[in-house]
Structures are given as C-alpha cells and as structure tokens.
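Peer 1: Let me give you the structure first, and then I'll get to my questions.
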Amino acid sequence: MKNTILSLLFFISGLMYSQTLQKGIIRDADGRMLDAATITLLQDQKNVTTVFSDHGNFSLAYPASGNYTLIASLPGYEQAELSIQLPKENLVITLQKNGHVIQEVTMTKRKPVIERKTDRVSFNVENSIIASGGSAWDALLKAPGVQVTSANDVTANRKNVRVYLDGKPLQLSGDDLAAYLQGMPSDQVAQVEIFSNPPARFDAEGASVVNIVTKKAKKQGFNLSLSGGINQGTYTGFTGNTTFSYRKDQWNIYGNYGFTHRKTIQDHNIFINYGTSLWDSTNRSVSDSDTHDYRLGVDYQVSDKQVLGFLMTGNNRKGTFGGSSPTRISSPAMKLDSTLNTDNHASTLGNQYAYNLNYNLKLDSAKSSLNIDLDYSPFRNVNRSFTDNVTLLPDGSQTARFFHIYTPSSQDISILSGKADYNMKTVKGIELSSGIKYSSTKSISIFNYFNRDGSILTAVEANRNHFTYLENVASAYISASGSFGLWSFQGGLRGEYTRTRGYEQNLNMLNERNYFKLFPTVFIQYKPHKNHEFQLSYAYRIERPEYNRLNPAKRFSSPYSVYAGNPALQPAFVHSVEAGYTYRRAYNLTAYYAATRDVFTNINVQDNETKRYYGTQANLGLSAMAGIRLSGQVKLTDWWDLNMVADVYRQREKSDYLSGSYDNHMISFSGSLNQSFSIDQETGLKAEINGTYNSAGIQGIYRVRANSFVDIGLKMNVLKKAGTVKLTATDIFNANNNFVSINFRDQQSHFFYQRESRFVTLSLLYRFGNNANSTRNRKTASEEEQKRMH
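Residue numbering for the sequence shown is 2 to 791, as defined by my numbering.
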C-alpha cells in the first residue's frame with residue numbers, strides 16, 4: 002500500500018493536515034521495559050492525550066510540532082514530568098524506584114531540510130538527499146529562493162546576493178563562482194543560509210546574503226570520513242573527498258581534501274534581427290576541468306577562556322573550454338547570404354588561497370567576548386584563448402576575410418583585511434555587539450591581443466589592456482537585541498567609508514571615488530501566543546560592481562561580437578522591507594518590497610549598420626519588486642514530510658535606455674514543492690522529490706521565459722550504518738534553461754542558454770571515529786571582499 006501511495010506523490014501539491022504520532026519507550030533504571038505506565042501529554046496545561054505503555058512501548062498523537070509537557074507515572078515509581086519539543090525521532094523515559102526520578106530523553110533529532118528563523122532561512126544540505134552527493138554549486142542552487150541567470154549570476158528571492166563561505170565572502174562572480182563551487186564536493190557542505198535582510202554584523206554589500214556553511218567535525222580523538230561519487234550526464238564525472246580531525250588536550254587539528262573531475266556541455270544560441278539581415282547562430286561548447294579543494298586548521302586552547310587558531314584554505318583549478326558556432330546570415334526573405342564559422346578554444350588555470358589568524362577571548366564568565374581576525378587572500382587566474390573565424394558563401398567557397406586571434410589574459414588579486422568584534426550581555430538580557438573592520442584590495446588585470454597568421458603573432462596595441470583597481474573600505478557597526486514581554490527586537494547601524502581607484506594604462510583613464518554611507522537594519526517580532534508570531538524587518542544595503550564589470554578590456558567571441566566592462570560603473574543602493582506572520586512555527590506568510598536605485602547590469606547593444614553585437618555594463622534606473630510569499634512545513638504522516646513555497650510578485654523596471662526609455666511591469670510566480678519519505682527505519686531508506694517552477698519575468702528590457710526542474714533521490718545506510726549510499730537524478734525533464742528576448746526600438750534579438758543540469762549521481766559516504774565536539778566555526782576578517790573577483 003505504501004508503494005502505491007508513494008507513486009502518486011509526484012502529483013500532490015496541496016496542503017494537508019493530520020494528527021502526528023510520536024513513538025517512545027519507558028523503562029526503569031536497569032533497562033527493563035515498563036508495562037501499563039500512564040503517559041499524559043499536555044500543552045498550555047490542557048490535556049492533549051493519555052495512553053498506556055504496552056511492554057514499554059507507547060505512541061502519542063499530537064496536532065502540531067511545538068513545546069509540550071509529558072507526565073509519566075506507574076505505581077511503585079516516582080512520577081516524571083518532562084518538558085519536551087515534538088517531534089523527536091527517539092523519546093526514552095527512565096523511572097527509578099525509591100528515590101528521585103531520573104528522567105532521560107534521548108533525542109537524535111534530525112533537522113528539517115528547511116528551517117525558518119528570525120533573520121534567515123537555513124537549507125540543511127546534509128539532510129537533503131538531492132542536494133548532497135554532488136557539488137557545492139548544485140547544493141546552492143537547490144536552496145529555497147536561490148536562482149541563477151544565464152551569466153551564472155546568483156540571486157536569492159530575485160535579489161542580488163553576496164555569496165559567503167563560512168562567513169567569508171567569495172570574491173568571485175559569474176562563471177568563476179560556478180567553477181569554484183563545482184569543484185567543491187557537496188559532502189563538505191552542512192547548510193546554506195539565506196539572509197533576505199542581513200543584520201548589521203554583515204558587511205553592507207549585497208541586497209541579500211547567502212552563506213555556505215561547511216561541515217565541522219564533532220568527534221574527539223582521531224576521526225576520518227571518506228566520500229566519493231560518480232555522475233553521468235553527457236559525459237562522466239567523479240568526485241572524492243576526505244575529512245579528518247584530531248583533538249587531544251589543548252590541540253585541535255582538522256582539515257579536508259577534495260578532488261573533482263567535471264566535463265559538461267552548454268548550449269548558447271543567438272538570433273539577431275539587424276533589419277536588413279537575420280543572424281542565427283548555434284553553439285555547443287564543452288567544459289572539462291579538474292579541481293583540488295583543501296583546508297587545514299589548527300586551534301590551540303591557551304586557557305579556559307582563550308583560543309588561538311590558524312586556518313588555511315586553497316583551491317586549484319585547471320581546465321579547457323571549446324566549441325564551434327556556425328552563424329547563418331540570411332535576408333529578411335530567409336535567403337542565405339553567407340555562413341560564419343567560429344571556433345573558440347581556451348585553457349584556464351586558477352589558484353585561490355586564504356590564510357586566517359584568529360584570537361577569541363571570553364570575558365566576565367562568558368557574558369562578553371572579543372574576537373579578532375587577520376586575513377590575507379591571494380588569487381590568480383590565467384586564461385589563454387584562441388578564436389578562429391572564416392566566412393563561407395552559399396556555394397561553400399571561402400572568402401578572403403578571416404579572423405584568427407590569440408588573447409592571453411591574467412588577473413591577480415590580493416586582499417588584506419582585519420576585524421575585531423566585541424559582544425556582551427547586559428544584566429537585563431540585552432545583547433550588544435560592535436565591531437570595526439578595514440580591508441584593502443588590489444586587482445591587476447592584464448589582457449593582450451594578437452593577430453595570428455600560422456605561428457606568427459602580431460600584437461595589436463589598441464586592443465591591449467592593463468587595468469589596476471584599488472579599493473579600501475573602513476567600517477564600524479553597533480547592534481543590540483533583546484526581548485521585552487511579548488516583543489523581541491534586533492537593530493543595528495553600520496557605517497562604511499569607501500575609497501576606490503581604477504586606472505586603465507593604455508587609455509590613460511582614471512576613475513576615483515570616495516564616499517561614506519550609513520546602513521541601518523531593524524528586526525521586530527511580536528509573539529502574543531506560542532502559535533502566532535508577527536515579524537517586521539528593514540535593511541538598507543549597497544551593491545558594489547564586481548571587478549570584471551569594471552574592467553574595460555575588450556573580449557571578442559567573434560569578429561562581430563565583443564564584450565567590455567565599464568570602469569565608470571557606480572554602486573547601487575537597495576531598500577528592502579518585509580512583514581510576516583508565522584502560525585505554529587510551520588506556516589509563514591510574508592509580504593515584501595525591495596527597490597534598487599542606479600541598478601547596474603549587463604546590456605547588449607546591436608549596431609544595425611556595422612552588424613556588431615556589443616556587450617557592456619551600465620547603471621540603469623529603478624528595479625522594484627513587491628510580492629507575497631507563502632511557505633509551509635507539513636508532516637502528513639510519520640513517514641511523509643512536505644515543504645512548499647509559493648511566491649507571487651510584481652516587478653517594475655524603469656530607466657532611460659540608449660536613445661529612449663522604458664517602464665515595464667509584470668506579475669510573476671515561482672513555487673517549489675519538496676517531499677521526503679522515510680520508507681524503512683531499519684535500513685534508513687529514504688526518498689526525496691523536489692519540483693520548482695519559475696514563471697516568465699523581466700529584467701530591464703529583457704523578457705525571460707518560464708523554466709522548471711524536477712529532482713528525485715534515494716539514500717540508505719550501509720556497512721552497519723557507518724556508511725550512506727545515495728542515488729539522485731536532477732532535472733529529469735531537462736527543462737532548466739534560459740530563453741531571453743529583447744524587443745526595444747531597433748533592438749530585436751533573443752538567445753537560448755542551457756548549462757547541462759540533467760545528471761544521475763551515485764555517491765557513498767563512510768565515516769568512523771569517536772564522539773565529542775571538535776572544530777570551531779568562525780568567521781574571518783575578509784568578509785566583504787571575496788565575491789567580486791572574476
């Protein structure tokens with residue numbers, strides 16, 4: 002019967018509600034099971050249910066998750082009264098004769114896949130079958146509300162994000178961010194945190210924050226876990242990972258190493274209407290990469306209140322990229338004029354390192370603490386690209402025109418940063434936090450351009466580029482949080498002074514900017530009843546352009562298609578407010594509004610005279626969004642859990658653009674449904690199904706079609722429960738793609754972009770060791786500077 006029900010779950014998407022059963026056992030101090038004991042469950046001093054144990058076993062029916070009081074009694078034993086939170090995977094009550102009751106509630110609580118907290122939503126990757134077993138990039142894109150554009154720009158609830166790794170911003174964007182996280186096994190990731198309105202302790206950059214939290218070993222002595230997986234798409238890829246920790250006396254040493262081989266395809270088709278001719282190109286490229294990802298940390302317990310730590314992380318990537326793109330040029334009557342054949346081949350090499358020195362001091366019996374971080378983070382990316390283009394006439398003959406170029410480039414970025422944070426609790430329960438931070442970033446990008454004639458290279462100085470960008474940010478913040486009766490609050494103010502200097506050597510172009518801004522954040526919560534919560538939050542944020550957006554180097558993908566950054570790009574500023582209501586900690590209704598002024602984005606300009614397609618970056622006007630989001634967590638039975646999100650929103654895009662202006666509006670919808678099933682407790686066999694749908698939307702003058710994906714997964718315990726095997730299939734209908742169109746004045750084009758996302762993955766995790774806490778989860782000083790690197 003259960004299998005029949007499971008086969009129907011793909012088609013179920015409505016809310017359901019039923020009584021939930023909590024199983025448990027009751028025993029005496031010697032471990033003997035107790036028969037006919039009376040167990041009563043209370044909530045708010047009202048009786049929920051009363052049952053009797055059957056040879057020590059009992060089942061309690063309760064209406065919803067929450068806090069309860071449990072009373073257990075049996076003649077000859079002292080009555081036990083426990084405060085518990087349901088549901089619990091394992092509930093054990095121990096009664097003792099002739100003395101005080103020793104109450105034992107042994108709980109191996111499994112976190113839900115999605116948790117909603119006051120200032121964030123946490124996606125527990127290690128408890129998601131589908132999100133684990135692949136790469137960190139795969140796990141990130143399975144987090145609720147997280148989406149990616151065709152340029153691999155990450156958004157959360159349609160707001161631009163700053164991506165962090167263990168509290169430290171990744172100074173990467175676009176394809177580089179994707180490549181970095183694709184080289185990190187998801188078995189290293191514990192959870193993904195989404196901060197829609199980040200609090201003041203975060204740097205002010207980014208309309209929202211997504212923090213990837215890696216797993217921390219929790220065992221004493223020497224412990225080791227091994228994992229590996231193989232994934233099959235068009236090509237075969239594999240990953241392996243090992244994590245270790247050793248803790249003895251004052252010393253704690255921990256680390257991990259992961260290797261990933263990945264080979265995937267991507268399709269990128271473009272159609273441009275130049276008026277007098279139609280250009281239709283199709284491109285399939287193959288990306289092949291090997292990535293080494295590693296971390297080594299050492300903590301030394303100087304005293305009971307002092308810890309000194311050092312952490313080094315590294316990532317080395319090497320890969321190739323290549324593809325062919327035929328472009329058919331036709332008249333408006335669809336008569337073939339000529340064909341452009343373009344081949345692109347590139348080799349890439351990327352090295353990233355981060356060194357962190359940390360000191361933590363607890364003061365006043367742990368009521369206050371001081372944390373200091375010093376960081377140095379060097380990055381280097383090298384790219385060697387070859388582009389070849391020939392023109393063929395309709396009869397197949399080749400014209401005298403040819404285009405053969407070689408464009409080697411490099412980017413070196415170094416980040417020095419330091420921060421100090423102080424936290425204290427007052428006698429009235431108010432928690433105060435303050436901190437200071439200073440960071441200095443230097444980016445040097447060198448781009449060379451050569452015409453190729455066989456083995457002869459001729460430099461073209463006009464297309465050469467040497468761009469140096471310096472950025473210094475000094476910041477300070479203060480925040481306070483606490484509760485007064487039914488009210489809770491958290492508020493903060495952050496000030497940042499920024500100095501930037503961008504200099505392009507060949508053009509002798511200098512752009513300097515100095516500015517100071519204050520960024521307030523407010524969170525208010527009102528809880529009149531344990532089942533009812535009201536929340537209100539507001540944040541003012543800044544979005545600084547990533548370095549690749551500022552670099553004016555011209556990058557040719559064909560003789561008629563070129564991209565260049567804009568060194569005069571200005572930062573954008575975001576106002577964001579949310580009001581929410583939560584019922585029984587399981588259902589949440591949120592109304593929200595976000596407005597971005599001077600939004601910067603990529604723009605494409607077609608020149609109908611020269612037949613050139615030019616891509617660059619520009620500050621536009623207003624990008625605003627208002628909507629209502631409904632989410633719910635439902636335990637339909639003791640083996641079936643459901644988590645859903647439905648979001649209806651209205652977008653507005655308004656700006657002057659080229660020689661005109663636009664004011665576009667659209668109502669859109671997005672929704673996701675995640676279902677997990679516990680099929681067999683003995684083997685730990687579980688299943689998961691996830692479906693996501695995004696309706697059509699707008700971005701500036703771009704209109705984006707709807708897309709969707711469905712993932713499924715199975716996992717079970719093996720090797721006497723020391724191992725876990727998982728089998729997943731992602732995007733099984735191959736519908737996760739991007740189709741974008743432009744129809745604005747004389748700009749008419751559309752493109753289709755699909756990065757391979759349909760994979761079948763088989764993975765195995767094996768772990769062994771002892772028990773106890775091991776490593777620390779700490780944030781480093783370079784928290785703001787490591788996402789904008791490209």
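We treat Cβ as the ideally placed atom computed from N, Cα and C, and that holds for glycine.
Note that the structure is a prediction, hence the values are computed from the model and not measured.
#1: Taking 7 Å as the limit between beta carbons, can you name the residues of its chain near leucine 16, skipping five residues before and five after?
#2: With contact counted as at least three CB pairs below 8 Å, one residue from each stretch, are the region 190-198 and the region 114-121 in contact?
#3: Tell me which residues share the same chain as arginine 202 and place their Cβ nearer than 8 Å to its Cβ, disregarding the 5 neighbours each side in the sequence.
#4: Quick one: grab the DSSP three-state call for lysine 143.
#5: Which first and last residues belong to the alpha helix (DSSP H) in which asparagine 87 is found?
#6: Assign glycine 175 to one of three DSSP states: helix, strand, or coil.
#7: With a cut-off of 8 Å, do at least 3 Cβ pairs link the region 544-560 to the region 455-475?
#8: Do leucine 631 and valine 646 count as a contact pair if the criterion is CB distance below 9 Å?
#9: Relative to the C-alpha of arginine 746, which candidate in Ala730, Tyr703, Ile131 has its C-alpha closest?
#10: First and last residue of the alpha helix (DSSP H) that includes leucine 551?
#11: Given glycine 628, which residues of its chain have a CB within under 7 Å of its CB, disregarding the five upstream and five downstream residues?
#12: Can you check whether the CB of valine 210 is closer than 9 Å to the CB of tyrosine 165?
#13: Should the region 650-665 be called in touch with the region 726-740, which here means at least 3 C-beta pairs below 8 Å?
#14: How is serine 197 classed by DSSP in three states: helix, strand or coil?
#15: What residue from Ile525, Asp204, Asn609, Ser562 has the CA that sits closest to tyrosine 582's CA?
#16: Helix, strand or coil: which one does DSSP assign to tyrosine 356?
#17: Judging by CA-CA distance, which residue of Gln755, Gly298, Leu22 is the nearest neighbour of lysine 89?
#18: Buried or exposed, going by whether 16 or more other CB atoms sit within 10 Å of the CB of tyrosine 516?
#19: Using the three-state DSSP reduction, which class does glycine 25 fall into: helix, strand or coil?
#20: In angstroms, rounded to a whole number, what distance separates the CA positions of threonine 70 and valine 52?
#21: Could you give the distance in angstroms between the alpha-carbon of serine 39 and the alpha-carbon of asparagine 212?
#22: Do you know how far the Cα of leucine 35 is from the Cα of glycine 59?
#23: Would you list the residues sitting across from phenylalanine 753 in a DSSP beta bridge?
#24: With distances taken from CA atoms, which of Ile543, Ala565, Glu547 is nearest alanine 573?
#25: Checking 9 Å against the spacing of the C-beta atoms, do lysine 426 and lysine 368 come in under that value?
#26: If distances are taken between C-alpha atoms only, which option among Asn357, Asn316, Ser288 comes closest to valine 792?
#27: Please go through the same chain and pick out, in chain order, the residues whose beta-carbon is closer than 8 Å to the beta-carbon of leucine 141, but skip the five residues on each side of it.
#28: Can you pull the DSSP bridge partners for arginine 795?
#29: Taking C-alpha atoms, which residue in Thr693, Gly698, Tyr561, Arg28 lies nearest to serine 709?
#30: Could you tell me which uninterrupted beta strand (DSSP E) segments, each at least 3 residues in length, are contained entirely in the region 204-237, listed from first to last along the chain?
#31: Just mark tryptophan 488 as buried or exposed, buried being the case when its beta carbon has 16 or more other beta carbons within 10 Å.
#32: From asparagine 691 to alanine 37, what distance separates their C-alpha atoms?
#33: By how many angstroms is the C-alpha of tyrosine 470 removed from the C-alpha of glutamine 307?
#34: For isoleucine 668, is the classification buried or exposed, using 16 other Cβ atoms within 10 angstroms of its Cβ as the cut-off for buried?
#35: Report yes if the CB atom of alanine 208 is closer than 9 Å to the CB atom of serine 577, and no otherwise.
#36: With 16 other CB atoms within 10 Å as the buried threshold, where does glutamine 506 fall?
Peer 2: Straight from the coordinates:
#1: Because the pLDDT of leucine 16 is 32, which lies under 50, any placement of that residue in the model is unreliable, and the number read from its coordinates should be weighed accordingly. Same-chain partners within the cutoff: Gly633, Val635.
#2: yes
#3: Asp422, Ser434, Gly436, Tyr478, Ser480, Gly493
#4: helix
#5: First, the residue type needs correcting, since residue 87 is leucine and not asparagine in the sequence shown. Taken as a continuous stretch (DSSP letters only), leucine 87 belongs to no alpha helix (DSSP H), being part of the beta strand (DSSP E) at 81-87.
#6: helix
#7: yes
#8: yes
#9: Tyr703
#10: 548-551
#11: Tyr593, Asp648, Val649, Tyr650, Arg651
#12: yes
#13: no
#14: coil
#15: Ile525
#16: strand
#17: Leu22
#18: exposed
#19: strand
#20: 14 Å
#21: It is worth fixing the name first, because residue 39 is threonine in this sequence and not serine. In a straight line, the C-alpha of threonine 39 is about 47 Å away from that of asparagine 212.
#22: According to the sequence displayed, residue 59 carries phenylalanine and not glycine. Approximately 10 Å between the Cα atoms of the pair.
#23: Asn270, Phe740
#24: Ile543
#25: yes
#26: The structure shown does not extend to residue 792, since the chain spans only 2 to 791, so no value can be given for it.
#27: Val147, Val155, Val164, Leu182, Val193, Val211, Ile213
#28: Residue 795 lies beyond the range of the chain shown here (2 to 791); nothing can be said about it.
#29: Thr693
#30: 209-215, 222-233
#31: exposed
#32: 43 Å
#33: 38 Å
#34: exposed
#35: yes
#36: exposed
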